[in-house]
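Below: the structure, in structure tokens.
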Amino acid sequence: MKNKIIDLIAGQVTDITPEEIAALIEIPPKPELGDFAFPCFRLAKTMHKAPQAIAAEIKDGIGRVDFLDEIKCEGAYLNFFVNKEQFIASQVQSMLKDNYGSSAEGEGKTICIDYSSPNVAKNFHVGHLRTTIIGNALYKIYSKLGYHVERINHIGDWGTQFGKLIVAYKAWGSEEAVKKDGVAELMRLYVKFHEEAEKDENLINEGRAWFAKMEQGDPEALSIWQWFKDISLAEFMKTYKLLGIEFDHITGESFYRNMTDDVIARIEKAGLLTESDGAKIVNLDEYDMAPCLIVKNDGSSIYATRDLAAVFYRKENYNFTKCLYVTGQEQKLHFAQVFKVVELLGNDWAKDGLVHIPYGLVSLSGEKLSTRSGNIIYAEDILLEAISKIKEIIEEKNPGLPDKDEVARKVGVGAVLFNDLYNQRIKDVSFKWDKLLNFNGETGPYVQYTYARCASILRGLEGFTPSADIDYSVLTDDASVDLVKELSRFGKVVQDAAERYEPFMVARFAVAVAQVFNKFYDANRINVEDEKVKTARATLVYIVKTVIKDAMSLLGIECPEQM
RNA sequence: GCACCAGUAGCUCAGUGGAUAGAGCAAUGGCCUCCGGAGCCAUGUGCGGAGGUUCGAUUCCUCUCUGGUGCACCA
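Residue 16 is where the first sequence starts when you use our numbering, and the numbers rise one by one after that.
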């Protein structure tokens with residue numbers, strides 16, 4: 016269609032009927048919102064008919080959209096105007112009927128999402144928060160589109176770092192200290208190890224040796240490892256509970272440890288495995304990539320091996336159409352390598368079935384987060400701080416509010432989640448307390464406040480029930496029209512967000528709805544004498560309330576009825 | 001050195017070929033005896049730079065500058 020329009024503009028089409036022009040323009044039966052003034056195409060100077068004449072012909076040729084009122088030629092553009100009342104009616108009716116952007120496009124399809132994946136023996140910090148929140152939002156979004164989703168928490172519970180930790184524990188730790196301080200003590204040991212390793216290179220080799228023992232099933236090594244893992248998981252669960260996030264599978268890397276031999280055999284059988292410096296690799300020169308390391312020179316596995324095992328396990332057990340990996344952008348090369356190896360093993364589905372969903376780096380006061388230097392903020396602290404700040408505000412503004420603690424949790428957590436989901440994933444984030452704790456403007460609490468306001472309005476209307484059978488002629492003012500236009504974008508927004516793996520699109524939509532509603536609220540009194548006006552406006556309020564709740568839930572955020 | 005990602009208003013960011021590039025924050029000034037003021041309204045010298053493709057480029061291509069990240073025995 017686009018090319019035909021270009022031909023038309025370029026004057027290369029000389030005989031065309033109004034019907035054909037109308038067909039070219041393809042006014043959708045339910046136009047995208049924003050079509051009141053519809054920028055259709057530019058009429059170039061080279062066009063051999065006057066724009067006005069063409070506008071007139073198109074107008075005569077279009078009869079398909081019942082609420083199309085008028086076409087005007089403005090400058091070099093054609094603008095389409097619709098009958099507002101009919102337009103509003105069609106949109107409101109379809110919103111009340113179609114369950115607000117739900118869809119069945121994913122019916123019968125499974126998506127695996129690999130996200131959160133914190134490392135055992137390390138604290139859950141602000142960086143892990145991003146993958147957790149983004150992954151959870153993608154889960155909600157895909158579910159809304161009818162997909163079956165497997166939520167997989169690929170815990171970092173296997174690898175050389177545990178060998179190092181065992182060395183550190185044996186050298187400088189004690190059972191009492193670990194029991195007393197938990198993850199904090201494990202962290203201390205880990206940091207200590209790296210400090211000492213700078214002086215004594217042999218420590219690294221000892222760590223590797225202990226990991227090799229783990230892979231060989233050494234009981235002592237495994238029992239220490241299991242103990243550390245249990246301590247860490249208990250700690251992670253506290254944060255997940257606060258966030259209200261759950262998983263279908265908490266299957267860490269260790270889950271796949273017995274499947275790596277099979278992976279290595281498959282690669283070898285395919286003739287892809289080559290030896291290099293004592294290690295075994297898949298050469299990827301042909302694809303302009305560094306080689307993918309499969310087996311280390313001491314015979315133990317590496318994360319790529321385990322990721323490969325995980326891919327095959329998931330394909331066989333969940334038969335996914337897509338498997339998404341929500342991890343930092345710094346792992347881009349790693350996933351490109353792993354996906355390429357899967358493909359080279361004769362799996363065409365790897366090409367668009369395996370998707371890395373990268374996100375930008377979180378930094379703190381301009382510097383990279385680092386456990387070792389103490390430049391770090393823990394997820395739990397952020398959430399608790401936000402909740403306590405919200406609590407203060409509630410005490411100040413609404414001290415009589417019931418369930419204050421629960422409301423403060425929803426709003427505080429919502430503020431943190433929303434803040435993290437408001438921009439494109441790829442943007443680096445510089446963590447700042449004052450930005451996070453500002454709850455005005457484009458924030459979660461602003462949207463939640465708008466929701467509570469809707470709830471409050473509806474509570475004040477006795478005997479109101481939403482209905483499509485209302486007088487639409489009272490909703491033709493600018494504020495109402497703008498509101499309806501915004502609301503009916505919902506379905507498209509959810510689809511776009513899924514297609515681009517970008518929850519921020521939903522977050523921005525929620526803010527846009529809240530903004531346009533607050534303007535509507537400012538311009539129109541809802542609880543008025545005239546029943547027709549009251550019912551019509553209240554119906555819009557009802558739709559706004561439903562849409563906001565729905566959109567926020569796609570981000571993993573709850574909306575309290577009062578705040 | 002090579003590769004990938006980012007660069008839009010003082011700050012944080014939307015804008016995946018179309019009209020006069022939009023929000024929020026911060027700042028200043030306003031908001032009716034009325035449904036929640038965490039709200040609404042008003043104030044803006046901005047697309048890093050240079051070429052190219054196009055009727056039309058913030059958007060696509062090339063080069064360049066700046067920042068970030070990655071480049072096998074960590075994950």
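Every residue, glycine too, gets a C-beta built ideally from N, C-alpha and C. Since this is a predicted model, take the numbers as computed values, not measurements.
Item                                                                                                                              : Value
Three-way DSSP call (helix, strand, coil) for residue 164 in this model                                                           : strand
C-alpha distance - residue 302 paired with residue 351, whole-angstrom precision                                                  : 10 Å
Residue 343: first and last residue of the uninterrupted beta strand (DSSP E) it sits in                                          : 337 to 343
Nearest-angstrom Cβ-Cβ length linking residue 150 and residue 131, presumed shorter than 8 Å                                      : 6 Å
Of the listed residues 198, 226, 233 and 176, nearest to residue 208 (C-alpha basis)                                              : 176
Exposure of residue 134, with buried meaning 16 or more beta-carbon neighbours within 10 Å                                        : buried
Beta-bridge partners of residue 414, as assigned by DSSP                                                                          : DSSP lists no partner for residue 414.
Segment contact flag, the segment 238 to 249 with the segment 274 to 282, C-beta cutoff 8 Å, min 3 pairs                          : no
Proximity of residue 479 and residue 536 at Cβ, strictly below 9 Å                                                                : no
Sub-9 Å separation of residue 446 and residue 405 beta-carbons                                                                    : no
Range of the contiguous beta strand (DSSP E) that encloses residue 302                                                            : No beta strand (DSSP E) holds residue 302; DSSP gives it neither H nor E.
Proximal residues to residue 457 (C-beta, below 6 Å), its chain only, five neighbours per side dropped                            : 526
Completely contained alpha helix (DSSP H) runs for the segment 446 to 518, where each covers 4 or more residues                   : 448 to 451, 459 to 474, 493 to 502 and 505 to 515
Residue 234: first and last residue of the uninterrupted alpha helix (DSSP H) it sits in                                          : 234 to 258
Contact check, residue 144 vs residue 431, beta carbons under 9 Å                                                                 : yes
Helix, strand or coil at residue 8 according to DSSP, with G and I counted as helix                                               : The requested residue 8 is not part of the displayed model; the chain covers only 16 to 578.
Of the residues 341, 371, 337 and 336, the one placed nearest residue 353, counting alpha carbons only                            : 371
Beta-carbon contacts of residue 308 that lie in its chain and below 7 Å, excluding the five residues immediately before and after : 294, 296, 317 and 319
CB of residue 178 within 9 Å of CB of residue 343, strictly                                                                       : no
DSSP three-state assignment for residue 78, whether helix, strand or coil                                                         : Low confidence applies here, because residue 78 scores a pLDDT of 49, under 50, leaving its location unreliable; read the following figure in that light. In this structure, residue 78 counts as coil in the three-state DSSP scheme.
Pick from 254, 125, 101 and 314 that is closest to residue 333, judged by C-alpha positions                                       : 125
Proximal residues to residue 259 (C-beta, below 6 Å), its chain only, five neighbours per side dropped                            : none
Residue 181 - containing beta strand (DSSP E), residue span                                                                       : Element bounds for residue 181: not the beta strand (DSSP E) but the alpha helix (DSSP H), 175 to 187.
Contacting residues, own chain, Cβ-Cβ under 6 Å from residue 641 (five flanking each side not counted)                            : Coverage of the chain is limited to positions 16 through 578, which leaves residue 641 absent and any answer about it impossible.
Within 9 Å, strictly: CB atoms of residue 170 and residue 153                                                                     : no
Residue of 235, 198, 230 and 167 minimising C-alpha distance to residue 185                                                       : 235
Under 9 Å between C-beta atoms of residue 285 and residue 360                                                                     : yes
Cβ contact (3+ pairs, closer than 8 Å) linking the segment 496 to 503 and the segment 554 to 570                                  : yes
DSSP state of residue 296 mapped onto helix, strand, coil                                                                         : strand
Cut-off 7 Å between Cβ atoms - residues of its own chain near residue 121, not counting five sequence neighbours on either side   : 157, 160, 161 and 162
Burial state of residue 204, where buried means 16 or more other Cβ atoms lie within 10 Å                                         : buried
Reduced DSSP secondary structure (H/G/I, E/B, other) of residue 172                                                               : coil
In DSSP terms, what residue 374 is bridged to                                                                                     : 343
Residue 105 classed as buried or exposed, judged by whether at least 16 other C-beta atoms fall within 10 angstroms               : buried
Distance, residue 391 Cα to residue 385 Cα                                                                                        : 6 Å
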